[in-house]
Amino acid sequence: MERLLLIVFATIISLFISTSAAGEFNFEANPHRRSLDETLCNQLIKPAGYSCTEHTVQTKDGYLVALQRLSSRNKDPGGQRGPPVLLQHGLFMAGDAWFLGSPEQSLGFILADEGFDVWVGNVRGTFWSHGHVSLSEKDKVESIEYAFLPGFMILVTLWIVVLVAKSLSIDAKSIEHRLLFQEFWDWSWEELALCDLAEMIHHVHSVTSSKVFIVGHSQGTIMSLAALIQPNVAEMVEAAALLCPISYLDHLTAPLVLRMVALHLDQMVLAMGIHQLNFRSKILIDLLDSICDGHIECADLLTSITGKNCCFNSSNVDFFFEFEPHPSSAKNLRHLFQMIRKGTFSRYDYGMFKNLELYGQLNPPAFDLGLIPKTLPLWMGYGGHDSLADETDLERTLKELQGKPELLYLENYGHLDFLLSTQGKEDVYNNMIAFFRSLGKSSPLERSPRLDRAELLAALLTRRSLSALQMAPAENINPIASAVLVEWNIYNGNEENEGVLELKLYRLDNSVCQRHREPMSEGPNSGLSVEARR
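For the record, in the sequence shown the residue sitting at position 152 is 151 according to numbering that gives the first Met the number 0, with numbers rising by one throughout.
Below, the structure is given as C-alpha cells:
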C-alpha cells in the first residue's frame, strides 16, 4: 500500500511541477511531433510497407483530429478498397496502439492485409492530432473546478502547492496563472464520443460512401457505445467490435486505480490547476525511475492498472512505452472516476447547481444503452484477468442493450493482451474478422423509415428507440437532432379532465459539442413540440 501511495503522490507533485515550471503546453515541443514529417504514417505504417495517407477532420467545437488511412502492402494503391473499418484507441493512447507489434500481430496491419479499408482515429490532445482552429495555450476560462472536494483535501493540496512553489521559486502570480481552467483541455470522453468519434465516422462514411465497421478498445468502447446511442451516428455504422468493453466501472478491481479514486486524485489535480495530463514529462519519468530503483518492481506497474496480462513479451512492453502514454485531460480522468464512484454511465457531473443549469436536473442524464438499435450487430471480446473491464459490469451492459452481441471470452487475457498479445490474431482477431465477413460487404447508407407526428408520439410513449425515427418531409420539420432529451410533465386534472401529459423534446444546439440545450421551437422549420392528453 505504501508503494502505491508513493506512486500516487509522486504523480501529483510531478504533474504540478511539469505544468508550472515548463510553461504552457506547446504542440511542437512534444517528443513525437518534432517536425511536420513525423506523422503516424511515416513513423510506423509506411516503414512496414503499407500505403498510408494522413487526413485531418475538424470537429464541431473546432478541434483538428487526425485520421490515417492504410491498405494492404500486397494491393495496388489505386485498386478497389474493401469495406471501411475505423479503429478507436483507448485512454492515454493514440492510433499507434494498433501497430505496436509485427504486421502479423498488429490489428491495424492484419485488417489491411485482410482487404479492409483501414482508418485509424486519434482524438483531441494526442500527439498525432493537430490542435484547434482558434484555441491556444493562452485561451483560458477563469474558473477552478473544486466541486465537492472536501475541505481538508483542499488544505492538503494547497500545502503541497506551496511547498513545490517554494522549492521552484514560483511566484504567486504564476500559481494563480496555473489555476485557470484551460479551455483547450475542457473535455472528457463525452466530447471524444459525441464530437471526435462522431465526426470521424461521418468523414469515413462520406469518403467511402459506405457504412463503417467500428473497432474500439477500452475507452474507445465507452466512446463507441455513447456515440451509437445517437441516431445519426448509428445509421452510418455497419457493426461494432468492442475489445474490453466498458460502459460501467463500479466493479473495477485495479488496485492502483482504486487507490487513486479513494484519494480523490482527480479532484486534487484540478484544484491544483492541472488540466493536461502528460505522463511523458521528463520530471515524471525521472521520478518514477528513481522510485522503481530499489523501491517498487515497476514491471508490475501495468499489472496494478490493467490486470495480469498473459501473452506479450518484454520487447512488446518496451516498444509500447516508446509511444505511450499520450496526453489526456484531467476532466476526462475525473469523468471516469465519477463512473467508478457512482456506478453510472452518464454525462459529466458538474455538481448540483451547474447540472441544473446545463441539464435541467440535479444529476447528469444517463446514456441509455437501450437506444442503440437492436438491428446494429455488436461483437465483444473480454478477458478473465481484466481489472478494468470487469465481467460483472459487462453483464449489466448486456442486460441494457436491446440486441444480443456475439461474445468472445478468454479466461487468461488481461486488458492489454487484446492489443499486444503475440497470438492475438489466432485468439481474437480471426474471430472478429469472421464476424465482420458474416455481415456481407458494407453498402451505401439507406435512409431510416420516416414517421409522421402521430407515429412518432406513439413510439415515444412506448419507449421505442429513436434511432429509426425521422420526420416526414411533407411536415417541413427538421429530423430529430443527434441527441434528444425528453421531459414529461403530468398535471393533475379535475373531474372533467383526467389530466394532461405534456411531452417536451429538447435537442442540443449544434450537437452536444456546444454543451447547452434549447427547447425546440414550433416554427415551420424547427423541431417538434407535442402535447398529448392522458
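Ideal Cβ placement from N, Cα and C applies to all residues, glycine included.
All figures in this text were calculated on a predicted structure; none of them were measured in a lab.
Determine which residues share a DSSP beta bridge with residue i and list them.
| i | result |
| --- | --- |
| Asn121 | Ala65 |
| Ile213 | Leu85 and Ala239 |
| Leu393 | DSSP, once it has assigned bridges, lists no residue as partnering Leu393. |
| Glu535 | Outside the shown range of the chain (0 to 533) lies residue 535, about which nothing can therefore be said. |
| Asp116 | Pro83 |
| Ser246 | Per DSSP, none; premise fails for Ser246. |
| Tyr412 | Answer is none; Tyr412 lacks a bridge partner. |
| Ser328 | Gln275 |
Between the options, which lies nearest to residue i when the distance is taken from Cα to Cα?
| i | options | result |
| --- | --- | --- |
| Tyr428 | Val236, Cys40, Ser70 and Ala111 | Ala111 |
| Ala96 | Phe115, Cys194 and Gln218 | Gln218 |
| Val326 | Leu387, Leu419 and Gly130 | Note on identity: in this sequence residue 326 is Pro, with Val being the wrong assignment. Looking at the Cα atoms, Gly130 is the closest of the given residues. |
| Ala253 | His384, Gly350 and Phe278 | His384 |
| Trp188 | Asn308, Leu415 and Phe344 | Phe344 |
| Leu241 | Glu410, Leu269, Leu86 and Thr52 | Leu86 |
| Lys210 | Met199, Met235 and Ile221 | Met235 |
| Gly215 | Pro376, Cys243 and Tyr412 | Cys243 |
| Asn308 | Val117, Gly382 and Met431 | Gly382 |
| Ala329 | Leu419, Tyr247, Met267 and Leu438 | Met267 |
| Ala239 | Asp265, Leu264 and Ile221 | Ile221 |
| Arg258 | Leu361, Phe212 and Ile339 | Ile339 |
| Ser303 | Ser128, His250 and Leu255 | Leu255 |
| Glu321 | Glu410, Gly100 and Phe352 | Gly100 |
| Leu264 | Gln337, Arg72, Tyr349 and Val84 | Gln337 |
| Ser128 | Pro82, Phe319 and Cys40 | Cys40 |
| Gly81 | Leu90, Pro230 and Ser208 | Ser208 |
| Glu399 | His88, Leu370, Leu262 and Thr125 | Leu370 |
| Tyr62 | Phe108, Arg279, Gly114 and Val122 | Val122 |
| Val306 | Asn411, Leu90 and Lys353 | Reading off the sequence, residue 306 comes out as Gly, not Val. Per the Cα distances, Asn411. |
| Phe417 | His250, Thr125, Ser105 and Leu357 | Ser105 |
| Tyr349 | Trp186, Pro230 and Arg279 | Trp186 |
Buried or exposed: where does residue i fall if 16 or more other Cβ atoms within 10 Å of its Cβ makes it buried?
| i | result |
| --- | --- |
| Ser442 | Bear in mind that the predicted position of Ser442 carries a pLDDT of just 41, short of 50, making it too unreliable to give a figure here. |
| Asn312 | exposed |
| Ser13 | Its pLDDT being 49, under 50, Ser13 is placed unreliably by the model, and the measurement read from it follows with that caveat. Burial call: buried. |
| Ile489 | Per-residue confidence for Ile489 stands at a pLDDT of 38, beneath the threshold of 50, marking its modelled position as unreliable; no derived number is given. |
| Gln422 | exposed |
| Gln79 | exposed |
| Thr55 | exposed |
| Leu355 | exposed |
| Phe147 | Bear in mind that a pLDDT of 37 at Phe147, under 50, signals an unreliable position, so the number given afterwards is only what the model happens to contain. Flag for Phe147 reads exposed. |
| Met351 | exposed |
| Ile103 | For the sequence presented, residue 103 should be read as Glu rather than Ile. By the neighbour-count rule (16 or more Cβ atoms within 10 Å), Glu103 is not buried but exposed. |
| Thr391 | exposed |
| Gln181 | buried |
| Asn277 | buried |
| Ser205 | exposed |
| Asn73 | exposed |
| Thr374 | exposed |
| Val203 | buried |
| Gly402 | exposed |
| Arg436 | exposed |
| Gly359 | exposed |
| Ser133 | exposed |
| Ala197 | buried |
| Leu43 | buried |
| Asp60 | buried |
| Leu361 | exposed |
| Asp317 | exposed |
| Asp195 | buried |
If we call anything under 9 Å between Cβ atoms a contact, is residue i one with residue j?
| i | j | result |
| --- | --- | --- |
| Ala65 | Phe98 | no |
| Gln57 | Gly94 | no |
| Phe434 | Pro372 | no |
| Leu193 | Ala233 | no |
| Ile228 | Leu393 | no |
| Leu397 | Asn430 | no |
| Leu419 | Asn315 | yes |
| His274 | Trp378 | no |
| Ile245 | Ala388 | yes |
| Cys310 | Asp426 | yes |
| Leu409 | Gly380 | yes |
| Ser50 | Asp116 | no |
| Gly342 | Leu191 | no |
| Met92 | Pro324 | yes |
| Arg606 | Leu269 | Summary: the structure shown does not reach residue 606, with the chain confined to residues 0 through 533, and so no result is reported for it. |
| Phe212 | Val84 | yes |
| Glu237 | Leu90 | no |
Please determine whether the Cβ atom of residue i lies at a distance below 8 Å from any heavy atom of the ligand GTP.
| i | result |
| --- | --- |
| Leu43 | The ligand GTP is absent from the structure shown, which contains no ligands of any kind. |
Where in the stretch 331-395 do unbroken runs of the beta strand (DSSP E), each at least 3 residues long, occur, reported from the N-terminal end onward? Whole beta strand (DSSP E) segments, 3+ residues: 377-382.
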